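260 is the number that UniProt numbering gives the last residue of the sequence shown; the numbers go up by one with no jumps.
Every residue, glycine too, gets a C-beta built ideally from N, C-alpha and C.
Since we're looking at a predicted model, the values are computed, not measured.
To start, the structure under review is shown below, and the notes come after it.
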Amino acid sequence: MKIVSKGVELHVTDNGSGDIALVFMHFWGGSSATWSSVINLLSHTFRCVAIDARGSGESAVGGQGYRTADHADDVYNVIKELNLKRVILVGHSMGGKTAQLLASRLNQEVEALALVASAPLAPMNISEEQRSQMRMAYSSRESVLWTLENVLTAGHLTAQQQEMLVRDALRVSDDAADGWIFTASREDLRAAAEHIHLPIIIMAGEHDRVDPPAVVQQAIAGLYPWADVHIIPGKGHLLPVEAAQTVANHLSTFASSIQG
Numbered sequence: 001m002k003i004v005s006k007g008v009e010l011h012v013t014d015n016g017s018g019d020i021a022l023v024f025m026h027f028w029g030g031s032s033a034t035w036s037s038v039i040n041l042l043s044h045t046f047r048c049v050a051i052d053a054r055g056s057g058e059s060a061v062g063g064q065g066y067r068t069a070d071h072a073d074d075v076y077n078v079i080k081e082l083n084l085k086r087v088i089l090v091g092h093s094m095g096g097k098t099a100q101l102l103a104s105r106l107n108q109e110v111e112a113l114a115l116v117a118s119a120p121l122a123p124m125n126i127s128e129e130q131r132s133q134m135r136m137a138y139s140s141r142e143s144v145l146w147t148l149e150n151v152l153t154a155g156h157l158t159a160q161q162q163e164m165l166v167r168d169a170l171r172v173s174d175d176a177a178d179g180w181i182f183t184a185s186r187e188d189l190r191a192a193a194e195h196i197h198l199p200i201i202i203m204a205g206e207h208d209r210v211d212p213p214a215v216v217q218q219a220i221a222g223l224y225p226w227a228d229v230h231i232i233p234g235k236g237h238l239l240p241v242e243a244a245q246t247v248a249n250h251l252s253t254f255a256s257s258i259q260g
């Protein structure tokens, strides 16, 4: 389905039913398809809503509005449009930063927060040269394949998974890429954590080279000492793809505890 947020047409998938809705946000370079295997495992029990961020997947390009706050506004507008009353925000990487900011703003609709290989609220601590290299990561099929093998994953991808990830990476708009690399990833939003008092589950891949477990423990779990933290053995940054069954199992247990 299509939902318009701040003048931008967003692609949204809505599967399953139930009182609790899991709202999924993807990584930079991904789309709602990143979460498809996890959603297939969960949608028989929970309502699962996944959003293509502006400039990604099948969503329209959103001009210059690619701050974390712009993405959070989009997710909020989807929640309101679908009249979701009991929400668990589920964010992966870039989507995790968005989820944390949105959770800090919403006290009624959001009941819990799930952070999967999440970016921290702190700025990404990399050099300008590294940012320029990031900008080229999705410039061609070959560069995407190299990035998948050497940066984003720690294990074997099926041909189908690989093709899905290549397709999504190659259709990220230039504005969306610049927005994450040069704006949103630089934002220091740590003050938002002071307003988050929700049940939280955190997952990190043992071999994640983007947001390693040590960084997750300090920069994310350190802000939420009550959070339930899981390190997924043998996996990298793309946990929703690499470890869909494990992620789904943790989310199911977590969501069931919230549902009561």
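Roughly how many whole angstroms lie between the Cα atoms of VAL229 and GLU187? 24 Å
Can you check DSSP and say which residues form a bridge with HIS11? LYS2
Does the distance from the CB of VAL23 to the CB of LEU121 come in under 8 Å? no
When you compare only the Cα positions, how much space is there between LEU106 and ALA50? 18 Å
Over the uninterrupted alpha helix (DSSP H) stretch that includes LEU41, give me the two end residues. 36-42
Among PRO212, MET134, ALA191, GLU111, which one has its Cα closest to the Cα of ILE200? GLU111
Top-ranked residue by Cα proximity to ILE258, from VAL4, ASP19, LYS6, MET164: ASP19
Where the alpha helix (DSSP H) containing ALA72 begins and where it ends: 68-81
Report the residue from ILE79, ALA114, TRP226, LEU238 whose alpha carbon sits nearest the alpha carbon of PRO212. LEU238
DSSP state of TYR59 mapped onto helix, strand, coil: The amino acid occupying residue 59 in the given sequence is Ser; Tyr does not appear at that position. The answer is coil: DSSP assigns SER59 none of H, G, I, E or B.
VAL12: which of ASP70, ILE79, SER37 sits nearest, CA to CA? ILE79
Check whether the Cβ of SER17 lies closer than 8 Å to any Cβ atom in chain B. Of the chains in the structure shown, none is chain B; there is only one protein chain.
How is ALA227 classed by DSSP in three states: helix, strand or coil? coil
What first and last residue would you give for the beta strand (DSSP E) that runs through GLU111? 110-118
How is the beta strand (DSSP E) around ILE51 delimited, first residue to last? 47-51
Output needed for ALA243: all residues of its chain with C-beta closer than 7 Å, excluding positions within five of it in sequence on either side, in chain order. ILE232, LYS235
Sort out for me which residues DSSP pairs PHE24 with in a bridge. ALA50, VAL90
Which residue marks the beginning of the alpha helix (DSSP H) containing ILE201, and which one marks its end? From DSSP, ILE201 is part of no alpha helix (DSSP H) but of the beta strand (DSSP E) over 200-205.
How many angstroms separate the CA atom of LYS97 from the CA atom of THR68? 7 Å
So what does DSSP say about ILE232, is it helix, strand or coil? strand
Closest to ASP70 by C-alpha separation, out of GLU81, GLU58, LEU82, ALA99, would be which residue? ALA99
Taking the alpha helix (DSSP H) that ALA243 falls in, what are its first and last residues? First-last for ALA243: undefined, no H or E at that position.
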